[in-house]
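Asker: Just passing along the structure, written as structure tokens.
Residue numbers (the UniProt record's numbering): 1 to 160.
Written out as structure tokens, the structure reads:
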């Protein structure tokens, strides 16, 4: 299924959005404010700054090596995903990296995150990526259920 297509998963609801009433599509300019709300809920290591977010949002929308997806249900944005792909020397192909996945707390557990990840995987495959990778601190069980396996330790060094 193409990245821009709307998927209609099975009909069930667990509090927030009903699955038959949400779709996933590439983010566009009008999604900026709704994604900002979710970014503020996502951040645990950094305090998001609106000016930097706005610059990054514009850059992502214009970068063919990146994708921002939004899940929209009942007239509101209930989740987003940010991913990129880049060249590698070792994998004989590009590699895709899922940088951020956020689903509003009231809409978790009904498949929004799963569909966002499926769309990101389709996008990565279309880009010729050898695999999709990500780091998680709080959602290992979720990614394991999607077929992801632990591969390496994640390290970072803060520069500011």
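Just so it is clear, CB atoms sit at the ideal spot from N, CA and C, and this is done for glycine as well.
#1: Report all residues from its chain with a CB closer than 8 Å to the CB of residue 93; omit the five preceding and five following residues, and keep chain order.
#2: Suppose the cutoff is 7 Å on Cβ atoms and the five residues either side in sequence are ignored; what does the same chain contact list for residue 153 look like?
#3: On a Cα-Cα basis, can you pick out the residue from 82, 76 and 71 that is closest to residue 58?
#4: Ordered along the chain, which non-local residues of its own chain (more than five positions away) have a Cβ less than 8 Å from that of residue 151?
#5: When DSSP builds the beta bridges, which residues end up paired with residue 22?
#6: Within 8 Å of any Cβ in chain C, is that where the Cβ of residue 152 sits?
#7: Hey, which unbroken runs of the beta strand (DSSP E) at 3 residues or more fall wholly within the UniProt domain "N-acetyltransferase" (22-160)?
#8: Would you grab the beta carbon distance between residue 102 and residue 42 for me? Rounded to a whole angstrom, and I think it's under 8 Å.
#9: Smallest Cα separation from residue 38: which of 71, 110 and 145?
#10: For residue 161, count neighbouring C-beta atoms within 10 Å of its own C-beta (all shown protein chains included) and say buried if the count is 16 or more, exposed if not.
#11: According to the neighbour-count rule (16 or more other Cβ atoms, all chains shown, within 10 Å of its Cβ), is residue 46 buried or exposed?
Answerer: Taking the structure as given:
#1: The residue labelled residue 93 in the question sits at position 93 within the chain shown. The residues are 128, 129 and 130.
#2: Here residue 153 corresponds to residue number 153 of the chain shown, with the count starting at 1. So the list is empty, once near-sequence residues are dropped.
#3: Residue numbering aside, residue 58 sits at position 58 when the chain shown is read from its first letter. Answer by Cα proximity: 82.
#4: Numbered from its first residue, the chain shown carries residue 151 at position 151. Taken in chain order, the residues that qualify are 133.
#5: Mapped onto the chain shown, residue 22 falls at position 22. In DSSP, residue 22 forms a bridge with 73.
#6: Judged by its chain identifiers, the structure shown contains no chain C, having just a single protein chain.
#7: 22-26, 66-73, 76-86, 95-103 and 132-134
#8: For this step, residue 102 is matched to residue 102 along the chain shown. For this step, residue 42 is matched to residue 42 along the chain shown. Right, their Cβ atoms sit about 4 Å apart.
#9: Taking the chain shown and counting its residues from 1, one reaches residue 38 at position 38. Here the closest residue by C-alpha is 71.
#10: Nothing can be reported for residue 161: it is not among the residues displayed for the chain, which extend from 1 to 160.
#11: The count along the chain shown starts at 1 and reaches residue 46 at position 46. So residue 46 counts as exposed.
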